[in-house]
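Participant:
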Amino acid sequence: MTILECKALTKEYYSGENVIKAVDHADLSFEQGAFTAITGPSGSGKSTLLHVLSSLENPTSGEVIYNGESLKKYNDNQLSILRRRRFGFVFQAYNLVQELTGYENILLPVMLDHRKPDEAYLQKLTGVLGIEDRLSHLPSGMSGGQQQRIAIARALANKPAILFADEPTGNLDGKSGREVLALLKYVSAEFGVTLILVTHDLGVAEQADRILTLADGQIVRDTKGAAQ
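Heads up: the sequence shown at position 186 corresponds to 186 in this note's numbering, and the numbers run straight through without jumps.
1. Kindly indicate the opening and closing residues of the beta strand (DSSP E) around isoleucine 219.
2. Could you name the residues of the same chain whose beta carbon sits closer than 6 Å to that of arginine 88, not counting the 5 residues immediately before and after it, in chain order?
3. Taking C-alpha atoms, which residue in Ser42, Cys6 and Asp24 lies nearest to valine 198?
4. Looking at the structure shown, is tyrosine 94 part of a helix, part of a strand, or coil, going by DSSP?
5. Specify, as a first and last residue, the run of the alpha helix (DSSP H) that glutamate 119 falls within.
6. With 16 other CB atoms within 10 Å as the buried threshold, where does arginine 149 fall?
7. How close, in whole Å, do the beta carbons of valine 90 and proline 139 come, if the pair is a contact with beta carbons under 8 Å?
8. Give a yes or no on whether the C-beta atoms belonging to glycine 62 and threonine 126 are separated by under 8 Å.
9. Could you tell me the boundaries of the beta strand (DSSP E) in which serine 15 lies?
10. Suppose you measure from the CA of serine 44 to the CA of lysine 124; what does that come to, to the nearest Å?
11. As a quick exercise: from Gln32, Tyr121, Cys6 and Glu57, pick the residue whose alpha carbon is nearest that of aspartate 209.
12. Just curious, the beta strand (DSSP E) that arginine 210 is in, first and last residue?
13. State the CB to CB distance for the pair leucine 96 and leucine 53, rounded to an integer number of angstroms; the pair is presumed to be in contact (CB under 8 Å).
14. From which residue to which residue does the beta strand (DSSP E) around glycine 174 run?
15. Apart from the five residues on each side of it in sequence, which residues of its chain come closer than 7 Å, Cβ to Cβ, to serine 188?
16. Looking at serine 47: is its Cβ nearer than 8 Å to the Cβ of leucine 82?
17. To the nearest whole angstrom, what separates the beta carbons of leucine 202 and threonine 39, a pair I think is in contact under 8 Å?
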């Protein structure tokens, strides 16, 4: 079942008199529960594509369709609610609030949505991620890998349908990066979340079900990963 798609998706930027097409007429669809990696050289448009697919940025033209409904129909407030409730985000920088404990950081999206936390779900989530002993610590008392696990738990706290990850292993050493990637794959499968991940690391990309390769804003290859 298709959960997300885009049609003729284009994102342009202006540099002086020059027009840069960071995403150039992309036509894609993503299946529910699948793990897709987006890769390509620096400046190929990977992160821009992720940002436009997730409504963090508006396209110049074309459209994104979530669950059969075009995001063109959504106003800014509706898009904000959609991102908060149905989309999760993990970035290269962990973006944790330094003054809050690990558990308080995880709860942030739930509290912002004025919802009551599902304690049983969060307990299972933190157990799967192996961070039960870090929940009372501030980010300054955690390693990079531990902070990224907290960030993953925060992204999943509202039970999103899609998890968007932008270079989630980029700031980590090799061992921590492999652990975080394995956890992303596991929690995606465990909780039925569609995973769309940007990486410049082919070793990371090959772990996906599907690999999209970008060059100059265009999809130049769409292949199966090692997981298939």
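Positions of the beta carbon are idealized from the N, C-alpha and C atoms, including for glycine.
Facilitator: The structure says:
1. 218-224
2. According to the sequence displayed, residue 88 carries glycine and not arginine. Ala155, Leu156, Pro160 and Leu163, listed in sequence order.
3. Ser42
4. coil
5. 119-129
6. buried
7. Valine 90 to proline 139, Cβ: 15 Å. No contact.
8. no
9. 2-15
10. 38 Å
11. Gln32
12. 210-215
13. With 8 Å as the limit, leucine 96 and leucine 53 do not qualify as a contact, their Cβ atoms being about 24 Å apart.
14. Element bounds for glycine 174: not the beta strand (DSSP E) but the alpha helix (DSSP H), 174-191.
15. Phe35, Leu163 and Leu195
16. no
17. 7 Å
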